[in-house]
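Asker: In UniProt numbering, the protein residues as written are 1 to 270. Below is a structure I'd like to ask you about.
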Amino acid sequence: MSFEGRGGSKVGSAGLASASQTAVDRRERLRKLALETIDLSKDPYFMRNHLGSYECKLCLTIHGNEGNYLAHTQGKRHQQNLAKRAAREAQETKVLPQQRNKVVPRKRVTTIGRPGYRVTKQFDARSRKRSLLFQIEYPERETNAKPTHRFMSSYEQKIEPWDKKYQYVVFACDPYETIAFKIPNVEIATRGGGGASRGFSGCQAAWEEGSQTYACQVFFENSNSSNAGGNIGGGGTAPGGMMPMGGIPPPPPIMGGIGIPPPPPPPPPR
């Protein structure tokens, strides 16, 4: 911009510019700089309307050409609106609930067959509780693999028909196949064989490093139902790793040589 011939100017030098002229020159320099450095195709707020003019979707302003829009993006109003939107988005991000932890897919392991096992039926005369001792052999388990067990309802499995009288105890350890034992659906004892004085829970599990055996002992609460008195023990293997249990002998007579008392006599006829 030439400022020669202005009042107060010296020969050979530019004249004094007013404030408005300085502002026009500043906007022109900003427009040229923006055209060189900014790609409008990547601006999310830049839009060309059906009239051929340009709009700023953030500030809702209309501009005659691209240079005028770029000069607007460098102005105070546009920068303030950008700061407001960034603050609002940051606040909304804090309010949103945290995403649930992603489920890590279980690694695929090549199984090497079913482990060896022993099932021992036991009866504690002191507490009169029956129990089962499961001993599962894992001699070739993986280094970091930890044997585990859990109880499973009959309705959770898909190998055998549902039967509410039974439940399953499942044992797993890589790289062996998962096996399950079918046991009566009787409440697990809250205290073990010796009662509260012995001080252990009704289900105990331990890993024996020397014999590479996982031992789990399950105590059952006393019950007079036929479901609790039978079908506890070892048996054959059902398809899919479900191992049905055999019968258990009837409870022994009461201590001291006294047998179970007979039922009361029937009432006299009327």
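For each residue, glycine too, the CB sits at the ideal point set by N, CA and C. Bear in mind the structure is a predicted one, so any value in this text is a computation, not a measurement.
How many angstroms separate the CA atom of residue 47 from the CA atom of residue 92?
Answerer: Near 26 Å, if we compare the C-alpha coordinates of residue 92 and residue 47.
Asker: Quick one: is residue 50 buried, meaning 16 or more other Cβ sit within 10 Å of its Cβ, or exposed?
Answerer: It is exposed - the Cβ of residue 50 has fewer than 16 other Cβ atoms within 10 Å.
Asker: Would you call the segment 28 to 36 and the segment 51 to 59 touching, i.e. three or more CB-CB distances under 8 Å?
Answerer: Segments in contact, no.
Asker: What span of residues does the beta strand (DSSP E) with residue 58 cover, start to end?
Answerer: Neither: residue 58 is in no beta strand (DSSP E) and is coded neither H nor E.
Asker: Name the DSSP beta bridge partners of residue 124, please?
Answerer: DSSP, once it has assigned bridges, lists 129 as partnering residue 124.
Asker: Among the residues of its own chain, which have a CB less than 6 Å from the CB of residue 18, if the five just before and after it don't count?
Answerer: The answer is none, since no qualifying residue turns up.
Asker: So if DSSP puts residue 183 in a beta bridge, which residue, or which two residues, is it bridged to?
Answerer: Answer is 167.
Asker: Do residue 30 and residue 79 come within 9 Å of each other at the CB atom, strictly closer than that value?
Answerer: In this structure, residue 30 does not lie closer than 9 Å to residue 79 by Cβ.
Asker: Would you identify the three-state DSSP class for residue 89, choosing helix, strand or coil?
Answerer: Residue 89 falls in the helix class under three-state DSSP.
Asker: Could you check the C-alpha separation between residue 62 and residue 102 for me, to the nearest Å?
Answerer: Approximately 46 Å, taken between the alpha carbons.
Asker: Quick check: what's the CA-CA separation for residue 109 versus residue 141?
Answerer: Cα to Cα, the separation comes out at about 12 Å.
Asker: Taking the beta carbon of residue 174 as the centre, do at least 16 other beta carbons fall within 10 Å, making it buried, or is it exposed?
Answerer: With 16 or more other Cβ atoms within 10 Å, it is buried.
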